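Protein chains in written order, with our numbering: chain B, 11 to 185; chain R, 2 to 421. Glycine included, every Cβ here is placed at the ideal spot set by N, Cα and C. Here the structure is a predicted model, which is why all the values come from computation and not from measurement.
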Amino acid sequence: MRVCVVARLSNIMAEYLKVNPDYQDRVKELFENDTKPEITLEFEIEEHDFINSGKGSAELKLTIKRLGVDPAIMRRIAIAAYEAEINIAAHSRGGAMRSNIFPDYVHIVFKDMGPGIDDLEQAMTPGFSTAIDLVREMGFGAGLGLPNIERNADIMKLDSEKNKSTQLDVIVFFQ
Amino acid sequence: MAGKKYYHGFEVVTENCTGCTACVRVCPTEAIRVRDGKVVIDSNRCIDCGNCVSVCKVNALIPHPDPLKKIEEFKYKVVIVSSAFAGQFSENIRYKEVLASFYKFGFDLVFEESMMSDFMVKLIREYVRINKHIRPILSSNCPAVVRLIQVRFPSLLPNLLLMESPMGILAQYYRDRLEKEMNYKPEEIGIFNVIPCIADLTATHQPEGTRQKLFDGAFSNADMYNEIMQILNSGDELDTDFESYAAGLSWTLSGIEADLVDCKDIRTLSVNGIDNVKDVLSKVEDHYLDQYDYIVIRSCKNGCVGGVLNVENPFVAMSRIKKLSKQAKKIDYDDRGVVELHKQGAFAVDPIFPRSMMKLDQDIKLALVKMKKLNEILAKLPGINCSACGSPNCFSLAEDIVQGKATLDDCIVLLKKTKE
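Next up, the structure:
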């Protein structure tokens with residue numbers, strides 16, 4: 011049984027939708043989008059592998075730079091992707107990130123192999139963390155990961171089933 | 002900026018090039034190719050770090066500092082000596098004698114970069130405190146780092162400390178004073194610096210953000226070292242009756258600047274060596290290092306003592322500078338004049354613009370098409386990154402092919418397979 015689903019729009023996005031209501035359908039479609047992305051980047055993330063985690067977002071960042079996306083937007087993508095990638099390494103039994111790049115936005119899907127999030131609202135609260143000591147010793151686990159992702163994404167969707175898996179969707183538009 | 006012609010502190014001597022690709026492999030911005038057996042530099046991407054110059058064994062890439070005789074063009078000659086210069090001399094030579102030799106050489110005034118060390122600590126702390134909304138602030142003293150950020154990390158340009166370097170401040174202050182106080186016309190006063198690296202040569206002739214002319218030329222530590230050694234060996238009497246500011250020399254070492262700026266409310270980090278610099282800048286981009294208020298970044302290992310225009314090994318030079326700095330009597334430089342100018346905003350520099358050479362196309366949609374094509378080509382390439390094609394690795398060859406600058410036939414490994 012699914013515990014909770016949170017889909018949030020950034021303030022910028024919410025404002026944008028007020029001005030461009032037509033776009034609302036487009037946003038809804040994004041999650042059911044079955045058009046083939048122009049480019050897909052895939053990375054496996056192992057549990058507690060802090061040496062290699064971060065490489066997926068680094069690769070995505072390089073690709074985004076090569077596409078010539080505005081530096082400020084590039085940085086938002088980098089932050090959201092890096093935080094989410096570290097989250098999988100720190101809190102899950104491992105997982106993968108898949109970045110689907112479309113002409114006007116990137117949709118990054120982070121999917122792990124559990125154990126799921128107990129309380130999504132709590133997880134979204136700045137400063138709240140369930141990180142174990144090992145993770146904190148590595149300098150992670152400050153409880154700012156998800157709120158930070160939310161701040162930098164245009165659209166963020168968090169979908170978790172307790173004792174099963176968590177899927178995080180992040181969408182950032184290029185303009 | 003589009004169409005801007007970039008100056009570089011070194012030149013390519015094509016006839017000396019053997020096409021060995023040593024330079025191609027050490028370039029941090031992938032700006033170098035070997036085409037038709039000869040080295041070609043992408044001027045827009047080159048950040049003047051000097052890595053290629055230091056690995057070239059056949060003198061195909063050579064620094065071009067200004068010739069020392071350039072001082073003869075001026076009636077009144079001023080020199081500002083970089084701190085790294087002090088580390089080039091063995092310990093039986095007194096630092097004051099080194100400075101005195103500059104007068105003997107023909108300069109009318111000799112200043113040391115180290116005079117500014119205390120003032121720089123004040124200036125940086127003030128800047129970091131005022132710009133609370135920007136974290137971390139990145140040091141802008143190393144011109145190669147500034148250019149690396151322009152080319153590869155343009156989103157971090159707002160984080161740069163937008164202030165002149167210590168030598169730039171000295172040049173500006175004394176030019177201002179000399180023009181007002183001396184009976185020389187502005188064009189009769191020549192201000193030169195003596196510097197450790199290619200990036201400083203470039204920054205002297207084409208500074209980023211600087212609002213006015215600072216220097217009339219740049220001399221290399223190595224060229225000046227030879228002259229000074231000759232004077233020292235000549236046995237001529239030297240007048241050493243002046244103050245020197247050896248205590249501030251260690252500022253030039255990576256780590257010391259960070260330690261000096263670090264205080265209760267300012268946490269600092271120091272990073273040097275171009276690979277570590279790239280790694281740290283990438284982490285800053287990810288907001289992973291926001292806990293630092295100020296990061297000292299130097300392209301060369303150990304800081305400016307690692308520059309390619311030095312004659313001494315960077316570790317030896319570092320040790321000597323530390324010793325000189327420790328043993329020196331601390332003399333406070335009277336910085337009232339500099340502080341006054343600073344209050345008028347004289348040392349601020351203009352915002353620095355991106356030189357984003359990474360994008361495949363100006364149009365994202367076309368860039369995507371090229372990226373897809375690039376990935377298809379990459380899948381065909383052997384992936385051993387041998388550089389034999391003249392591009393640094395398989396990815397950049399794929400990029401070159403997409404941009405029409407190379408063909409699949411450039412890959413020697415593929416060519417061999419086709420023949421088999």
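If the cut is a Cβ gap below 9 Å, which residues of chain B does residue i touch?
i        : result
Leu369/R : Glu48, Ile49, Leu77, Ile111, Phe112, Pro113
Leu361/R : Arg76, Leu77, Gly78
Quick one: what's got a C-beta closer than 7 Å to residue i's C-beta in the same chain, skipping five residues either side?
i        : result
Tyr174/R : Gly338, Val339, Leu342
Gly105/B : Ile55, Ile98, Phe120, Lys121, Asp122, Met123
Ile402/R : Ile378, Thr408, Leu409
Leu398/R : Leu382, Cys390, Ser392, Ala407, Asp411, Cys412
Gln404/R : none
Met2/R   : Bear in mind that a pLDDT of 43 at Met2/R, under 50, signals an unreliable position, so the model cannot answer this.
Ile170/R : Met117, Val339, Phe348
Lys76/R  : Tyr185, Glu189
Lys416/R : Per the sequence presented here, residue 416/R reads as Leu, with Lys not at that position. For Leu416/R, where only same-chain residues beyond five positions count, the Cβ hits under 7 Å are Asp410.
Leu375/R : Ala399, Glu400, Val403
Phe183/B : Asp114, Tyr115, Asp164
Phe396/R : Leu379
Met372/R : Leu361
Lys78/R  : Ile72, Gly107, Phe108, Asp109, Gly191
Given residue i, which residues of its chain have a CB within under 6 Å of its CB, disregarding the five upstream and five downstream residues?
i        : result
Cys18/R  : Lys39, Val40, Ala61
Gly124/B : Arg103, Lys174, Ser175
Thr269/R : Ala259, Val262, Asp263, Tyr295
Glu93/B  : Gly155, Asn158, Ile159
Ser357/R : Pro155
Cys57/R  : Cys24
Met11/B  : Because Met11/B carries a pLDDT of 35, less than 50, the predicted location of this residue cannot be relied on, and no value is offered for it.
Show which residues of chain B have a CB atom less than 8 Å away from the CB atom of residue i.
i        : result
Tyr289/R : Tyr92
Kindly list, in the order they appear in chain B, the residues whose Cβ is closer than 7 Å to that of residue i.
i        : result
Lys156/R : The question names Lys, yet the displayed sequence has Ser at residue 156/R. Those within 7 Å of Ser156/R in chain B are Pro81, Ala82, Met84, Arg85.
Pro355/R : Pro81
Ser283/R : Ala68
Taking the alpha-carbon of residue i as reference, which of the options has the nearest alpha-carbon?
i        : options                              : result
Gln185/B : His58/B, Val79/B, Glu57/B, Ala100/B  : Val79/B
Phe90/R  : Tyr289/R, Tyr226/R, Ser271/R         : Tyr226/R
Glu188/R : Glu74/R, Leu139/R, Lys279/R          : Glu74/R
Ile48/R  : Asp201/R, Tyr289/R, Thr211/R         : Asp201/R
His65/R  : Leu310/R, Asp217/R, Lys373/R         : Leu310/R
Ile96/B  : Lys167/B, Leu72/B, Asn62/B           : Asn62/B
Tyr334/R : Phe243/R, Arg321/R, Tyr293/R         : Phe243/R
Ser140/R : Val278/R, Ile33/R, Met319/R          : Val278/R
Ile199/R : Met230/R, Lys373/R, Arg46/R, Cys53/R : Cys53/R
Ile135/R : Phe120/R, Ile275/R, Leu161/R         : Leu161/R
Gly274/R : Met121/R, Ser255/R, Gln292/R         : Ser255/R
Asp276/R : Tyr7/R, Arg26/R, Phe316/R, Thr22/R   : Arg26/R
Leu51/B  : Phe60/B, Thr73/B, Asp59/B, Ile87/B   : Thr73/B
Leu178/B : Asp143/B, Ser139/B, Met134/B         : Met134/B
Ile87/B  : Ser139/B, Asn162/B, His58/B          : Asn162/B
Arg299/R : Cys50/R, Val35/R, Ile33/R, Asn314/R  : Cys50/R
Return the chain-ordered list of same chain residues with a C-beta closer than 8 Å to the C-beta of residue i, the five sequence neighbours on each side being excluded.
i        : result
Val40/B  : A small correction: the amino acid at residue 40/B is Leu; Val does not occupy that position in the sequence shown. Same-chain partners within the cutoff: Tyr115, His117, Ile165, Ile181.
Glu48/B  : Ile111, Phe112, Pro113
Glu209/R : Pro144, Val147, Arg148, Gln151, Val350, Ile353
Asn222/R : Ser83, Ala85, Phe86, Gln89, Val195, Ile196, Pro197, Gly308, Leu310, Asn311, Val312
Asp240/R : Ala101, Tyr104
So what does residue i bridge to, in DSSP terms?
i        : result
Ser271/R : Val297/R
Ser1/R   : Since the first and last residues shown for chain R are 2 and 421, residue 1/R lies out of range.
His117/B : Asn110/B, Ile181/B
Cys264/R : Ile267/R
Leu110/R : Val79/R
Thr50/B  : Asn110/B
Asp122/B : Gly105/B
Pro64/R  : Phe11/R
Val41/R  : Arg34/R
Leu161/R : Leu139/R
Ala349/R : Met164/R
So which residues of chain R does residue i contact, with C-beta pairs closer than 9 Å?
i       : result
Thr73/B : Met372
When every heavy atom of the ligand ZN is checked, does at least one fall within less than 7 Å of the C-beta of residue i?
i        : result
Ala407/R : No copy of the ligand ZN appears in this structure; indeed no ligand is present at all.
Just the chain R side, please: which residues come within less than 8 Å of residue i by C-beta, in chain order?
i        : result
Phe184/B : Ile365
Name the chain R residues that come within less than 7 Å of residue i, Cβ to Cβ?
i       : result
Ile89/B : Asp287, His288
**Prompt:** Is the stretch 77 to 86 of chain R in contact with the stretch 302 to 313 of chain R, if contact means three or more CB pairs nearer than 8 Å?
**Reply:** Result yes; three or more Cβ-Cβ pairs closer than 8 Å.
**Request:** Report yes or no: do the stretch 105 to 116 of chain R and the stretch 10 to 27 of chain R share at least 3 C-beta pairs separated by less than 8 Å?
**Result:** Contact annotation: the stretch 105 to 116 of chain R does not touch the stretch 10 to 27 of chain R, with fewer than three C-beta pairs closer than 8 Å.
**Asked** For the 8 Å Cβ check, are there 3 or more pairs between the stretch 320 to 329 of chain R and the stretch 232 to 248 of chain R?
**Response** Note that the stretch 320 to 329 of chain R touches the stretch 232 to 248 of chain R; at least 3 beta-carbon pairs, one per stretch, sit closer than 8 Å.
**Asked** Hey, is the stretch 278 to 291 of chain R in contact with the stretch 155 to 164 of chain R, meaning 3+ C-beta pairs nearer than 8 Å?
**Response** Yes, the stretch 278 to 291 of chain R is in contact with the stretch 155 to 164 of chain R.
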